[in-house]
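Chains as they are written, first to last, in the working numbering: chain W, 1 to 194; chain F, 1001 to 1688; chain Y, 2001 to 2149.
Note that beta-carbon positions come from the ideal geometry of N, C-alpha and C, so glycine has one too.
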Amino acid sequence: MNWRRSLGAAVVVVPIVVLLGYGLTRDPRAIPSPLPGRPAPEFALAVMEDPVGSGQGRGAAGDTIRLSELRGNVVVINFWASWCLACRDEHAALSATARAYEGRGVRFFGILYKDSPEQARAWIDEMGGQSYPTLLDPGSRTAIDFGVYGVPETFFIGPDGRVEYKHVGPVNERILVDRIEAILAASGSREETP
Amino acid sequence: MTRIIGYTATAVALALAVYGAAAAVVGVRGRRSDLLRSSELAAYAIFALLTVANLAMVYALVTRDFSVSYVAQVGSRATPLFFTVISLWSALEGSILFWGWVLSAYTAAVVYLHRGSELGPLVPYANATMLGVGAFFYLLLVGPANPFGLVWPVPADGPGPNPLLQNHPLMAVHPPLLYLGYVGMTVPFAFAVGALLSGRLDDAWIRSTRRWTVCAWVFLSLAIVAGMWWSYEVLGWGGYWAWDPVENASFMPWLTATAFLHSVMVQERRGMLKVWSLSLIIATFLLTILGTFLTRSGVLSSVHAFAQGTIGYYFLAFIALVLLFSLVLLAGRSGELKSEGTLDAVVSRETVFLINNLVLSAFTFTVLLGTLFPLVAEAVRGVKVSVGAPFFNRMTVPLCAALLFLLGVGPALPWRRASREELRRKFVPPFVAMVVAGIASVLVGVRAPYAVLTFAFAAFALVANVREFTIGAAARMRAHGEGPLVALFRLVGSNRRRYGGYVAHLGVIVMAVAVAGSSTFKREREATLSRGEVLEIGRYQVRFDRLWAQDEAHRFVVGADVTVLTNGRAVGRLDPRLNFYGGTDQPIATPAVRSRPREDLYINLMAFERDGSSATLRVLVEPLVMWIWVGGGILGLGGLVAVWPSRRRRGRASASFERPAEPAVEAPAAPPANVAVRFGIAGGGAQA
Amino acid sequence: MTRAALLVLLALGLAAPGPVGAQAPRDEAELDALTRKVASQLRCPVCQGESIQDSPSELAQDMKAVVREQLAAGRTPEEVKAYFVSKYGEWILLEPEAHGFNLALYLLPIVAFVGGAATIAVAVRRWTRRGSLAESPVPGAPSDTDPGT
């Protein structure tokens, strides 16, 4: 047993152990999105009828919302479903934040993922309303366009129509406000220095 | 109370394992038979303790004692008794507990079967290694994977086991077989370590090791086939092998163990490849631990993974330790492992075994690389990639074809050297069969090159292996005037190891043909049918009759009644189902399979209308699938034939004895086992 | 090296030739077959490891529908796969594209195999020649393909 052999053994062992150890720090289920920094995929989706009528003024039931027509606004898109437990946790934060930013160039939309409008309406009713409209996405085309792989997922789109952030899992008010403020600040400074 | 009994048993087992390992090492070094004896007793005691702990857990599960953390995790009042019992291995902690029991049983068996063996100091070292590995698992049970934790306040009910794992009775078969195979690979490893530590590197140890390896290999083979079957019957996609990390984890040690079973023959006959065979044993053991690490730590995403927290770091430390320890041992002894043998000719069975080992090693490397590559890519490039079935199929199908071919060449080639006449006699019939099968499969419309190759090579290998039986039996019939069946039976009995190997070969050939057939000729259609509507596939008409629903205690089942017709005549009814278990939104499918020797009709319910008006069915026609399971059975049978204890055992209880292979041809190059020098007090002395 | 690599990839059928007949309208059977082929190369995001062809999950079904629509619209399989990569990242491909660092995945097994074969060839020659020599160095066990170390 000489030092050269020990070194040889270490050369074999260390990389394997380091690699596996590195693996332990990663979440194998997370799929990083290539979307941030790129233009958000365009969509034209119908607004779901709202049980409370709280979506009023932001697009009535049956209206079609086109992302391209929202240029100039910060757009927050939340993919959700009534069968999703985590969506219950974030619902209040989304509704409250949407209300807080009303009229400040920030628009919130829900997109229903793999769910029936009836169940979604019952859910909204149960949760005490939703302060922003939810859009219907038959066949999940828009969800696939956004690379959604589970709900809830929340996308933050800047005034220039680019995806700025993607959040996987339930959001809270702090995340929402931080992200929105960051986008507002960045776009504000961009406007000042043309 | 159950909790305390279980936990105490595992804790005492841990202490005894540490003591026993130390006692064995100190005892063998200091030639102290009292210590050796106490380490043997420790092994027996641990087996008893782990049995108690496992029974305690089963008792807690059956009595639904939700104060026990594992029961609170996997139990539920609604789960049927059968699935409650087997939920012992349906989640992390319980599976480690069961693993610990299997390991303790192997350890006790090794100690018992090799007591007083002439392997001398090797056995105490092997015992120490087994106990050391055991100590690691019992440490997990006492620490990060404690199944006997206290839950307070006691919940009224639990969520029940993972729906995937309570959906099919094969779950009672596959995991125990897998553990018997996986854990069984600890024994050859322990012998290898024992041989390296004691310096007893002659051939005596390799014989015991080979036998234990065959034993574990049989379990592992059967486990893999049972896993394929489970996957086919439960996952609902109509396939049996997906190159999922967990499947790869069970396949890699099988590959290296298979390589070892072949390389060891060269070592026994020619005294060559000693370092290589040892490396294969160590690699096999490491791959079983790596496989466990991959499934238990959540490093790679997989259908079957139990994602968990800190336990991964324990496994990582253990892998590092074993790797380092083995490499240091191997390096330290490599001087004594010099090759003694030589080759007489290039064209010989020895060379085929070398190539066989090359292909199996390259196979293992490819699977390992593919399995770990997503980690490598993320570490190096910071980008997540996937390595799935298309990659593995592309890379390994050529290797499979090569193995199939070698499987025919090996038995047909004699050891040492072959005369031209002998080559002609041995190779012409299989070669003719190969050409005929190749042409025939092209004529019946097989176009995929690898399918043609598989059928041709299978014919080649089949004829080559079957001829080993027929030629031998014919010789016996002439020489002893025996009837054909008696001659065949006695032929196999005369050299079980050799003919068991050929039987295993036949199993592999059957599986290869079945896999090639089912993947090449697989037909599939998917359609949404309203009531009474018919879907045509192959020679079948599949008619959707109606939907039904049923509320069971632990699940809600939706099923479709489907009538299968051929030429307008009803030949059977099938009921594919979707099962909705509480706690998850994804339904678990129960596909309906009509299995016939010629082909399987596989129907999976994909979706349905709530009013029962229509159902979406995925229908597959897969030829020959049944023969995969049959081939797996033959493979296991071959292993059993090879490993079954001989009636003419010379020793008392040692598993190391066996008649040398093919005694009629030549004497083995290695000295017989009983020449080995006794160590004095070890073994026999300790019995007194 | 690059040329050798390309040759190897061609032999494996990896280096795809340019799109052929992308514009030709596809009939139903052809479209089904092509959809199956493309769908079996895309990983289902909600099932871990299965392709969207094999998965019964609803998202996979929808993705398969997207594959079919895009193929029907005349896109090539490569373009369809590129679409999914642009949405889900390289992760979505069940078989990594053979360029850049990913080449290691395809070439290392071949290197290991060829290296092992060469080692065996040398060893067999030495062993067959050696005959009478009693002592000689440890023969080349092909440890570079040793999977566990």
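Beta carbon of residue i nearer than 8 Å to that of residue j
i	j	result
Ser1104 of chain F	Gly1134 of chain F	yes
Val206 of chain W	Ala30 of chain W	The question about residue 206 of chain W has no answer, for chain W in this structure spans 1 to 194.
Phe1580 of chain F	Ala1560 of chain F	no
Leu1617 of chain F	Ala1527 of chain F	yes
Met1171 of chain F	Leu1165 of chain F	yes
Gly1408 of chain F	Ala1475 of chain F	no
Asp145 of chain W	Tyr113 of chain W	no
Pro1597 of chain F	Phe1521 of chain F	no
Val1562 of chain F	Arg1573 of chain F	yes
Val1049 of chain F	Val1110 of chain F	It is Leu, not Val, that sits at residue 1049 of chain F in the sequence shown. Not a contact, by the Cβ cut-off of 8 Å.
Short CB-CB distance (under 8 Å) between residue i and chain W
i	result
Leu1375 of chain F	yes
Val2066 of chain Y	yes
Ser1614 of chain F	no
Leu1316 of chain F	yes
Val1328 of chain F	yes
Gly1298 of chain F	yes
Val2046 of chain Y	yes
Leu2059 of chain Y	yes
Phe1293 of chain F	yes
CB contact below 8 Å: residue i versus chain F
i	result
Gly2074 of chain Y	no
Gly23 of chain W	yes
Leu2093 of chain Y	yes
Arg28 of chain W	Reading off the sequence shown, one finds Pro at residue 28 of chain W, where the question assumed Arg. It does; some Cβ of chain F falls within 8 Å.
Gly2021 of chain Y	Annotation note: pLDDT 44 at Gly2021 of chain Y (below 50); position unreliable, no value reported.
Leu7 of chain W	no
Ala2229 of chain Y	This structure leaves residue 2229 of chain Y out entirely; chain Y is present only between 2001 and 2149.
Gln2070 of chain Y	no
Under 8 Å by beta carbon: chain Y residues contacting residue i
i	result
Pro245 of chain W	With chain W represented from 1 up to 194, any question about residue 245 of chain W goes unanswered, as that position is not in the structure.
Asn1689 of chain F	Not covered by the structure: residue 1689 of chain F. The range shown for chain F is 1001 to 1688.
Beta-bridge partners of residue i, as assigned by DSSP
i	result
Gln2053 of chain Y	Per DSSP, none; premise fails for Gln2053 of chain Y.
Lys166 of chain W	W:Phe155
Ile65 of chain W	W:Leu45
Gln1550 of chain F	F:Val1557
Ile1439 of chain F	For Ile1439 of chain F, which the question treats as bridged, DSSP gives no partner whatsoever.
Gln1541 of chain F	F:Glu1536 and F:Leu1565
Arg107 of chain W	W:Val75
Thr1590 of chain F	F:Arg1577
Thr134 of chain W	W:Gly110
Under 7 Å from the C-beta of residue i: neighbouring residues of chain W
i	result
Tyr1313 of chain F	Leu24
Expected contact under 8 Å - CB spacing of residue i and residue j to nearest Å
i	j	result
Gly110 of chain W	Thr142 of chain W	Not confirmed; about 12 Å, so no contact.
Gly1042 of chain F	Gly1020 of chain F	In the sequence as presented, Gly is not what sits at residue 1042 of chain F; that position holds Ala. Yes, they are in contact, since the Cβ atoms of Ala1042 of chain F and Gly1020 of chain F sit about 3 Å apart, within 8 Å.
Val1062 of chain F	Thr1084 of chain F	6 Å
Arg1467 of chain F	Leu1413 of chain F	Their Cβ separation, rounded to whole angstroms, is 13 Å, which puts Arg1467 of chain F and Leu1413 of chain F out of contact at 8 Å.
Lys1384 of chain F	Pro32 of chain W	6 Å
Ala1216 of chain F	Gly1184 of chain F	3 Å
Leu1286 of chain F	Leu1329 of chain F	Their Cβ separation, rounded to whole angstroms, is 13 Å, which puts Leu1286 of chain F and Leu1329 of chain F out of contact at 8 Å.
Val1619 of chain F	Glu1524 of chain F	7 Å
Neighbour flag for residue i against chain Y, beta carbons, 8 Å
i	result
Asp145 of chain W	yes
Thr1528 of chain F	no
Ile1439 of chain F	no
Ile1628 of chain F	no
Ser131 of chain W	no
Arg4 of chain W	no
Lys1384 of chain F	yes
Thr1351 of chain F	yes
Per-residue contacts from residue i into chain F (C-beta, under 8 Å)
i	result
Ala19 of chain W	For the sequence presented, residue 19 of chain W should be read as Leu rather than Ala. The contacting residues are Leu1372, Leu1375, Val1376 and Ala1379.
Neighbour flag for residue i against chain B, beta carbons, 8 Å
i	result
Val12 of chain W	Among the protein chains in the structure shown, which are W, F and Y, there is no chain B.
heavy atom of the ligand GDP below 7 Å from residue i C-beta
i	result
Ser1067 of chain F	The ligand GDP is not part of this structure, which contains no ligands at all.
Listed by chain order, chain Y residues near residue i by CB distance under 9 Å
i	result
Asp1600 of chain F	Those do not exist, as Asp1600 of chain F stays about 16 Å from chain Y at its closest Cβ, beyond 9 Å.
Closer than 9 Å at the beta carbon, the chain F residues around residue i
i	result
Glu2028 of chain Y	Result: empty, since nearest Cβ-Cβ is about 12 Å, beyond 9 Å.
Residues that residue i contacts on chain F, provided the C-beta gap is smaller than 7 Å
i	result
Glu2050 of chain Y	Trp1237 and Ala1242
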